[in-house]
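Read through the structure below, which is laid out as structure tokens, and then see the notes.
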Amino acid sequence: MMVVNSLTETQGAQYVQHVFETVKKRNPNESEFHQAVKEILFSLAPVFDKHPHYMEQGVLERIVEPERQIIFRVPWVDDQGKVQVNRGFRIQFNSAIGPYKGGLRFHPSVNASIIKFLGFEQIFKNSLTGQPIGGGKGGSDFDPKGKSDGEIMRFCQSFMTELAKHIGPDTDVPAGDIGVGGREIGYMFGQYKRLQNAFHAGVLTGKPVGFGGSLTRTEATGYGTVYFVQEMLKDNGLDFQDKTVVVSGSGNVSIYAMEKAMQLGAKVVACSDSNGYVYDKNGINLDTVKRLKEVERKRINEYVKEHPEADYFEGCENIWLIPCDIALPCATQNEIDETSAKILVTNGVKAIGEGANMPSTLEAIDVFLENGVLFGPAKAANAGGVAVSALEMAQNSARISWTFEEVDAKLHEIMVNIYHNSKNASEEYGHPGNLVVGSNIAGFLKVANAMISQGII
Ligand code: GLU
């Protein structure tokens with residue numbers, strides 16, 4: 035990547051290379067984890083050149099090793115009465131600045147590599163929010179697609195029966211991610227309450243608003259991504275007005291990224307799911323997408339039945355063939371590869387805002403940076419979700435609830451701050467405008483300083 039290529043063989047560069055080799059050796063065959071570690075470590079080399087005491091304190095060796103990894107059996111009974119077994123994970127990565135915090139992902143692709151990459155990124159993302167939250171992640175290879183409500187409930191109850199032993203409002207606070215929304219959080223909260231015989235509102239975030247959830251949490255990741263991009267555009271004399279926007283995915287992040295982009299005057303022409311994408315040249319009808327996805331839990335190809343002027347195409351990755359000014363990848367990891375990135379650039383894309391976690395490969399990021407595309411990396415651009423989770427924890431602790439407008443205003447302020455902190459760090463460490471380097475460094479420093487203050491632990 036550009037960051038890597040620009041390095042000379044400084045002490046910092048040698049140090050990160052050495053630690054990266056250990057990570058690969060100790061975690062073989064975990065390509066997603068290696069990718070996330072590589073991006074962050076190589077961005078940090080300038081920090082170690084400038085401040086060698088982080089090396090002397092072994093901060094990097096410690097930060098790449100999770101504090102604790104829990105892997106467990108999740109048995110449940112399906113609607114046919116058959117016993118099913120899934121694997122559950124909770125990786126408690128770093129608690130230097132607060133309790134472990136991060137979502138739970140239910141998706142058949144989940145394995146140790148996926149949860150580790152997500153947990154590792156979460157450390158730096160959470161630090162960037164300015165909120166007192168450490169980093170963790172969890173989930174299961176359970177596939178919620180096509181499951182009945184009863185199956186989802188029984189799975190969530192079984193999952194929580196083990197997870198409950200390892201979490202708590204001051205220890206580890208899970209939330210949602212792919213495949214986990216308000217419904218699943220509700221079932222898991224119910225089971226936790228029953229096991230503990232106590233109403234610990236702050237043990238999970240993303241709760242339904244009726245029992246401790248925060249207003250704006252549902253919208254937070256998508257809105258936050260657009261607020262981040264809005265600030266990045268503004269800083270470069272641009273805005274969303276009349277821009278053509280492509281948003282991948284059609285889940286929670288995607289829906290609210292589309293909503294906010296539309297509110298800011300953009301025309302969103304496409305969205306997708308894992309089977310394919312919809313292109314609506316008149317602009318996506320968000321009410322239809324919300325009903326299909328949030329209420330009816332249907333596939334996105336149903337959209338064209340109601341909007342015959344729109345087209346549906348099989349193969350979600352081809353969504354990046356659509357010319358756009360702004361691309362918001364909000365689906366999943368590695369959804370933009372080098373080829374897709376080059377096509378976006380050829381079609382004149384001006385800005386990218388990563389709503390998903392690690393949606394661009396390292397090669398794709400290089401293409402964007404080398405071509406001067408404004409690039410908002412995931413751990414900065416999608417930090418709004420977890421930021422509002424931290425606000426949910428604050429409201430739970432104080433037993434109060436803020437209005438939608440109050441939370442939205444705080445979210446906006448947090449995203450603007452993340453942009454400027456990342457930009458400032460990119461300048462201070464010699465890569466002006468490279469927000470990958472800037473956000474990684476800004477997120478790292480706060481955690482590293484806390485780790486040093488707390489001694490070798
Ligand atoms: N899963 C979200 C993320 O990737 C949110 C986590 C949370 O709210 O704790 O940041």
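The numbering of the sequence shown is our numbering, which starts it at 35 and goes up by one.
Glycine included, C-beta positions come from ideal geometry on N, C-alpha and C.
Note that the coordinates shown come from a computational prediction; the quantities given were computed from them, not determined experimentally.
Point to revise | Selection from S431, G382, R433 and V422 that minimises the alpha carbon distance to P357 | key: Between P357 and the set S431, G382, R433 and V422, the nearest pair of CA atoms involves G382.
Review point. D211: beta carbon under 6 Å from a heavy atom of the ligand GLU?
Key: D211: yes, Cβ under 6 Å from the ligand GLU.
Check your understanding: The alpha helix (DSSP H) with A70 in it runs from where to where?
Key -> Here the alpha helix (DSSP H) through A70 covers S65 to K84.
Check your understanding: What does a CB cutoff of less than 8 Å around E397 pick up in its chain, not counting 5 residues either side in sequence?
Key -> Contacts found: M35, D371, E372 and A375.
Practice item. Check the C-beta distance from A47 over to F154 and give it rounded, since I have them as a contact under 8 Å. Key: At roughly 20 Å, the Cβ-Cβ gap does not stay under 8 Å, so A47 and F154 are not in contact.
Check your understanding: Whose CA, out of M222, G285 and F262, lies closest to the CA of Q191?
Key -> Selected option, being the one with the closest Cα: M222.
Exercise for review: Could you please give the first and the last residue of the uninterrupted alpha helix (DSSP H) stretch that includes Y337?
Suggested key: Segment Y337 to E340, the alpha helix (DSSP H) holding Y337.
Exercise for review: Can you give me the start and stop residues for the alpha helix (DSSP H) that F158 sits inside?
Suggested key: Looking at the DSSP string, the run of the alpha helix (DSSP H) that includes F158 is A146 to L162.
**Study point:** C-beta atoms of V281 and I360 nearer than 7 Å
**Key:** No, the pair does not count as a contact, with Cβ atoms beyond the cut-off.
Practice item. From the DSSP output, in three-state form, read off L238 for me. Key: Assignment of L238 by DSSP, reduced to helix, strand and coil, places it in the coil class.
Check your understanding: For Y504, does the three-state DSSP call read helix, strand or coil?
Key -> No information on residue 504 is available, as it lies outside the stretch 35 to 491 that the chain covers here.
Check your understanding: Is L355 closer than 7 Å to I377 when the C-beta atoms are compared?
Key -> In this structure, I377 places its C-beta atom within 7 Å of the C-beta atom of L355.
Check your understanding: Out of G173, S435 and E348, which has the shortest C-alpha to C-alpha gap to D307?
Key -> That would be E348, whose Cα lies nearest to the Cα of D307.
Exercise for review: Taking K199 as part of the beta strand (DSSP E), name the residues at either end of that continuous run.
Suggested key: Going by DSSP, K199 is part of no beta strand (DSSP E) at all; its letter is neither H nor E.
Practice item. May I ask you to report which of helix, strand or coil DSSP gives T6? Key: Residue 6 lies beyond the residue range present for the chain, which begins at 35 and ends at 491; the question has no answer from this structure.
Check your understanding: What alpha helix (DSSP H) runs, 4 residues minimum, are completely inside the region 341-385?
Key -> Correct list: 372-380.
Review point. So does F285 have its beta carbon nearer than 6 Å to some heavy atom of the ligand GLU?
Key: The identity of residue 285 in the sequence shown is Gly, whereas the question assumes Phe. Not a single heavy atom of the ligand GLU lies less than 6 Å from the C-beta of G285.
Point to revise | Nearest candidate by alpha-carbon position, reference E185, set P100, F158, R217 and V312 | key: Nearest C-alpha to E185: R217.
Practice item. Given a cut-off of 7 Å, decide if K159 and K444 are closer than it, judged by their beta-carbon atoms. Key: Contact annotation: K444 and K159 have beta-carbon atoms that are not nearer than 7 Å.
Practice item. Determine the contact status of I448 and A421, defining contact as a CB-CB distance below 7 Å. Key: Taking 7 Å as the Cβ cut-off, I448 and A421 qualify as a contacting pair.
Check your understanding: Exposed or buried, which one is F431 when buried takes at least 16 other CB atoms within 10 Å?
Key -> According to the sequence displayed, residue 431 carries Ser and not Phe. For S431, the number of other beta carbons within 10 angstroms of its own is below 16, and it is reported as exposed.
Review point. Is any heavy atom of the ligand GLU found at a distance shorter than 6 Å from the C-beta of G419?
Key: Because some heavy atom of the ligand GLU lies under 6 Å away, the Cβ of G419 counts as near it: yes.
Review point. By Cβ distance below 8 Å, which residues in the same chain neighbour G317 in space, the five residues on each side in sequence not counted?
Key: For G317, the CB contacts under 8 Å within the same chain, skipping 5 residues up- and downstream, are M296, K301, V302 and V303 in chain order.
Practice item. Would you decide whether I491 is buried or exposed? Buried here means 16 or more other CB atoms lie within 10 Å of its CB. Key: Counting every other CB atom within 10 Å of its CB across the protein chains shown gives I491 a total below 16, marking it as exposed.
Point to revise | 4-residue-minimum alpha helix (DSSP H) runs that sit fully inside the region 94-123, ordered along the chain | key: The alpha helix (DSSP H) runs lying completely inside the region 94-123 and spanning 4 residues or more number zero.
Check your understanding: With burial defined as no fewer than 16 other Cβ atoms inside 10 Å of the residue's Cβ, what is the status of H87: buried or exposed?
Key -> With fewer than 16 other Cβ atoms within 10 Å, it is exposed.
Check your understanding: Residues bridged to L138 by DSSP?
Key -> BP columns for L138 point to G172.
Point to revise | Where K84 falls, given that 16 or more other Cβ within 10 Å makes a residue buried | key: Note on K84: under 16 other CB atoms within 10 angstroms of its CB, so exposed under the neighbour-count rule.
**Study point:** Cβ-Cβ separation, V98 to V53 (assumed contact under 8 Å), whole Å
**Key:** Their Cβ separation, rounded to whole angstroms, is 6 Å, which keeps V53 and V98 in contact under 8 Å.
Practice item. Tell me whether E90 is buried or exposed, calling it buried when 16 or more other Cβ atoms sit within 10 Å of its Cβ. Key: By the C-beta density criterion, E90 is exposed, having fewer than 16 other C-beta atoms within 10 angstroms.
Practice item. Please name the residue in K324, P363 and N319 whose C-alpha comes closest to that of P342. Key: The option with the nearest alpha carbon to P342 is N319.
**Study point:** Host beta strand (DSSP E) of K301 (start-end)
**Key:** Looking at the DSSP string, the run of the beta strand (DSSP E) that includes K301 is K301 to S306.
Practice item. Just grab the DSSP bridge partners of T278 for me. Key: Bridge partners of T278: K301.
Exercise for review: Could you say which of E196, E336, E426 and N61 lies nearest to S284 if we only look at CA atoms?
Suggested key: Nearest to S284 by alpha-carbon distance, out of E196, E336, E426 and N61, is E336.
Review point. Buried or exposed: E388, going by 16 or more other Cβ atoms within 10 Å of its Cβ?
Key: A residue is called buried when at least 16 other Cβ atoms come within 10 angstroms of its Cβ; E388 meets this threshold and is buried.
**Study point:** Alpha-carbon to alpha-carbon, T366 and N286
**Key:** The straight-line gap from Cα to Cα measures roughly 12 Å.
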